[in-house]
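These protein sequence lines map, in sequence, to chains R, G and C. Counting in our numbering, the first sequence runs without a single skipped number right up to 294 at its last residue. Counting in our numbering, the second sequence runs without a single skipped number right up to 236 at its last residue. Counting in our numbering, the third sequence runs without a single skipped number right up to 501 at its last residue. The beta carbon of each residue, even a glycine, is placed where N, CA and C say it ideally should be. Right, one structure below, let's go through it.
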Amino acid sequence: MNSDGINDAPKMSWWNRLAHPGQFLIWTRPLVWPLVALTAALFAIGLWFAFFNSPADYQMGDTVRIMYVHVPTAWLSQFVYGTMAVSALGTLVWRHPMADVSMKAAAPLGAVFTALALFTGSMWGRPTWGTFWEWDGRMTSTLILLFLYLGLVALWRAFDDQLRAARVIAIFTLVGAVNVPIIKFSVDWWSTLHQPASVFTAEGPKMPGSLLTPLFVMFFAFTFLFITLQLVSMHTEVRRRRVMTLERKLARGDAA
Amino acid sequence: MSGFLAVLRRDLRLALSGGGEMLTLVLFFIIVGAITPFAVGPDRALLARIAPGVIWIAAFLAMLLGLDRLLRPDRDDGTLALYRRADAPLAAVLFAKVIAHWLTSALPLILAAPFLALILGMDMEAFWRTLLSLLLGTPALAAFGTFGAAITVAVRRGGLLAPILIAPLCVPVLIFGVGAIAPLGGPDQASAALLLLAALSLMATALSPFAAALAIDWGEE
Amino acid sequence: MTQRQVYPQILVKAEGLAIGHGETVLARNLSLSVGGGSGLLLRGPNGAGKSTLLLTLAGLLPALAGRVALEGSDAEDGPALHHCGHKNAVRPRLSVIETLAFWAALNGTTGLVPQAALERVGLGRMARLDAGYLSAGQQRRLVLARLLVSRRPVWLLDEPSAALDAQGHALLAALVDEHLAAGGLAIIATHDQTGFENLSTLTLDRAA
Chain R
39 MNSDGINDAP KMSWWNRLAH PGQFLIWTRP LVWPLVALTA ALFAIGLWFA FFNSPADYQM
99 GDTVRIMYVH VPTAWLSQFV YGTMAVSALG TLVWRHPMAD VSMKAAAPLG AVFTALALFT
159 GSMWGRPTWG TFWEWDGRMT STLILLFLYL GLVALWRAFD DQLRAARVIA IFTLVGAVNV
219 PIIKFSVDWW STLHQPASVF TAEGPKMPGS LLTPLFVMFF AFTFLFITLQ LVSMHTEVRR
279 RRVMTLERKL ARGDAA
Chain G
16 MSGFLAVLRR DLRLALSGGG EMLTLVLFFI IVGAITPFAV GPDRALLARI APGVIWIAAF
76 LAMLLGLDRL LRPDRDDGTL ALYRRADAPL AAVLFAKVIA HWLTSALPLI LAAPFLALIL
136 GMDMEAFWRT LLSLLLGTPA LAAFGTFGAA ITVAVRRGGL LAPILIAPLC VPVLIFGVGA
196 IAPLGGPDQA SAALLLLAAL SLMATALSPF AAALAIDWGE E
Chain C
294 MTQRQVYPQI LVKAEGLAIG HGETVLARNL SLSVGGGSGL LLRGPNGAGK STLLLTLAGL
354 LPALAGRVAL EGSDAEDGPA LHHCGHKNAV RPRLSVIETL AFWAALNGTT GLVPQAALER
414 VGLGRMARLD AGYLSAGQQR RLVLARLLVS RRPVWLLDEP SAALDAQGHA LLAALVDEHL
474 AAGGLAIIAT HDQTGFENLS TLTLDRAA
């Protein structure tokens with residue numbers, strides 16, 4: 039902290055900060071369509087396996103196929119938060135403008151994937167546990183994660199100045215990242231306390247290979263879906279900011 | 016150090032010098048607790064069983080309610096800018112804020128808790144455990160709350176945002192707070208919960224002033 | 294306080310400074326250098342960036358480009374500057390003297406005792422009054438008293454004469470004179486030059 043109250047200018051000059059996103063667009067634009075094609079292909083293969091080339095579970099029947107959506111989205115609900123936390127570090131440590139954009143793009147995606155994981159979880163829970171919602175450790179902590187995502191989305195929307203927003207939200211994202219394991223631990227502690235005999239024994243480690251192949255493919259399909267969507271929404275955000283900057287310049291030019 | 020004490024003294028002075036905000040908060044706390052029987056029915060056994068949870072939820076809500084008054088008035092009248100150029104580091108000022116927040120919005124609730132315990136029909140032992148868990152857990156709520164207020168202070172319409180952001184972070188406090196009172200897993204679990212609660216409070220009060228100071232420094236720029 | 298050269302040699306310097314909020318740039322390529330014992334008036338139309346420049350110099354806003362340096366102050370002694378913005382930081386329900394004592398404790402009790410500072414700015418008889426009942430001009434005087442209770446060599450004053458009466462103007466000019474005589478420096482954004490005729494001036498134009 040510079041206690042004399044006079045601060046050094048940021049390492050990167052302001053035009054450098056603005057020029058950077060343009061480079062990002064140029065570098066990553068060629069990646070978009072290949073990523074879309076790869077994601078589509080993975081989904082085609084994965085869904086074909088999931089629907090036609092994998093057996094129904096002897097216990098759960100066809101409902102086991104929900105797993106091919108549920109497990110990848112549940113994984114993404116955590117992976118996206120990881121992406122945001124890394125971006126938050128990029129914002130705070132290197133003050134990299136693309137880290138800001140990445141953080142902002144990931145929040146609604148994370149919320150959607152988490153909501154999807156919860157939705158498919160409860161769809162799956164109905165035939166398996168006999169109830170849409172069970173206060174089991176995993177579902178509860180996923181629900182809390184969803185609240186965190188929604189809070190972050192609301193926070194992004196509340197700020198007018200996006201540069202300022204990025205740094206404040208980065209701090210909150212990291213504090214959240216520190217807290218997520220604590221929340222997870224406390225929720226597990228709480229759920230074992232309340233239900234000594236866990237209902238969650240359905241998916242054991244002994245999963246036959248015929249179920250694993252589609253799961254594996256769908257896992258990659260969803261991960262690449264996230265990467266594609268993340269990239270596209272980052273592009274959109276960069277363009278949106280550029281439009282806003284131009285509009286503001288225009289407004290000032292008229293006023294002067 | 017003098018800056019720390021000055022902020023603490025000023026906040027306490029402002030809270031005590033009328034406006035009745037502290038009394039309103041206590042009233043809110045009691046009303047939330049007193050309204051529960053209307054919602055779940057006057058079954059004494061049931062009420063006694065859920066009383067610890069009700070008291071904790073009432074305290075949780077009451078503490079979230081006061082968040083918007085924590086830093087926003089200081090920002091609006093320019094005092095926050097003074098804090099940033101004070102002799103004491105901003106984190107020290109915010110540490111004073113956490114303590115002042117606890118003294119003005121958690122301590123009154125704890126003092127009012129016996130009344131709720133009485134009308135909800137808690138027995139003596141559960142009551143003492145509730146008091147202890149509130150004493151150990153509310154500092155964490157105050158610390159998280161100050162952090163939330165610092166995050167949203169730069170947002171013009173941030174009134175309801177801080178509670179929404181902070182609530183998920185406070186889940187462990189609630190879990191261990193209530194876990195320390197109602198020993199579903201036996202006395203061992205209860206004392207483990209009490210220790211975890213204390214650890215959570217210590218960690219949160221120690222770290223949140225720094226995180227809040229960063230948020231204010233970067234958010235106000 | 295009548296002694297000359299109370300403060301160490303000090304210099305506020307800015308080179309190639311660009312100021313503004315976020316992506317909005319208000320002024321570019323500002324350079325200034327103000328030494329102890331001298332003052333600088335910032336002038337310019339509304340929206341030219343006078344307040345923003347003061348905030349940037351105070352370190353409350355980041356510089357968009359260039360750098361600001363405060364030479365000759367020991368960082369160990371805490372912040373070396375007072376920044377008085379548009380807001381008075383006066384809170385109702387605290388008395389005038391309580392408010393001032395709070396500021397003194399916050400910024401370091403290195404100057405006058407609060408009561409003496411109140412006498413100096415002409416609020417001596419209102420010490421016990423609720424600060425919320427002060428008029429706009431009286432609140433501004435109270436802010437001037439803040440400059441006196443903690444000695445800091447750099448004064449950054451944003452429209453200090455707003456709402457002040459003729460006497461208040463004279464008081465402000467006298468305080469600034471005393472401060473400069475003691476080796477301090479002052480940078481003042483103002484539309485009203487009365488009493489500051491001998492200070493140098495920096496005029497900001499509205500950025501095109």
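- Boundaries of the beta strand (DSSP E) harbouring R360/C: A358 to E364, taken from the DSSP string.
- Looking from the CA of S344/C, the closest CA among L465/C, L319/C and R433/C belongs to L319/C.
- In the three-state reduction of the DSSP assignment, W448/C falls in the strand class, which pools E and B.
- Residue contact with chain R for W233/G: present (Cβ-Cβ distance below 9 Å to some residue of chain R).
- The C-beta separation of A182/G from F210/R comes to about 13 Å, leaving the pair out of contact by the 8 Å criterion.
- In the DSSP assignment, E308/C falls within the beta strand (DSSP E) that extends over L304 to H314.
- Per DSSP, I481/C is one residue of the beta strand (DSSP E) stretching across L478 to A482.
- Of the candidates F159/G, I190/G and L95/G, F159/G places its Cα closest to the Cα of S223/G.
- In the three-state DSSP reduction, D199/R falls in the coil class, being neither helix nor strand.
- Between S148/G and L212/G a beta carbon distance of about 6 Å is seen, short of the 8 Å cut, so the two are scored as contacting.
- Taking M98/R as reference, the option from V213/R, W194/R, T230/R and W167/R with the minimal CA-CA separation is W167/R.
- Under the 8 Å Cβ criterion, the stretch 272–282 of chain R counts as touching the stretch 135–143 of chain R, having at least three qualifying pairs.
- When Cβ pairs closer than 8 Å are counted between the two stretches, the stretch 114–124 of chain R is seen to touch the stretch 143–162 of chain R, the count reaching three or more.
- The beta carbon of I207/R is closer than 7 Å to those of M141, L190, L193 and W194 in its chain, skipping five residues each way along the sequence.
- Boundaries cannot be given for A455/C, as no beta strand (DSSP E) includes it and DSSP labels it neither H nor E.
- H472/C: member of the alpha helix (DSSP H) spanning A459 to A474, first to last residue.
- Listed in chain order, the positions of the stretch 115–136 of chain G with a beta carbon within less than 8 Å of a beta carbon of chain C would be empty, since no residue qualifies.
- In terms of beta-carbon proximity, H472/C stays away from the interface with chain R, with every pair separated by 9 Å or more.
- Here G417/C carries a helix assignment [DSSP, helix/strand/coil].
- Burial is judged here by how many other beta carbons sit within 10 angstroms of a residue's own beta carbon; P407/C has at least 16 and is buried.
- When secondary structure is reduced to three states using DSSP, H379/C falls in the coil class, being assigned neither helix nor strand.
- Using a 10 angstroms sphere on the CB of Q486/C, the tally of other CB atoms stays under 16, which defines it as exposed.
- For A107/G, no chain R residue has a Cβ inside 7 Å of its Cβ, as the nearest lies near 12 Å away.
- Within the stretch 180–192 of chain R, the residues whose Cβ lies closer than 7 Å to some Cβ of chain G are I182, F185, L186, G189 and A192, listed in chain order.
- With at least 16 other beta carbons inside 10 angstroms of its own, Y187/R counts as buried.
- Shortest Cα-Cα distance from V414/C to any of H462/C, T494/C, G352/C and G332/C involves H462/C.
- Against chain C, a Cβ distance below 8 Å from L97/G picks out A382, W396, L399 and N400.
- Secondary structure of A320/C (DSSP, three-state): strand.
- In the structure shown, the three-state DSSP call for G430/C is helix.
- Using beta-carbon distances, G332/C does not count as an interface residue toward chain R, since no partner is under 9 Å.
- Here W448/C has L374, H375, C377, L440, V469, H472, G477, L478, A479, I480 and I481 as same chain residues with Cβ atoms under 8 Å from its own Cβ, once five neighbours each way along the sequence are excluded.
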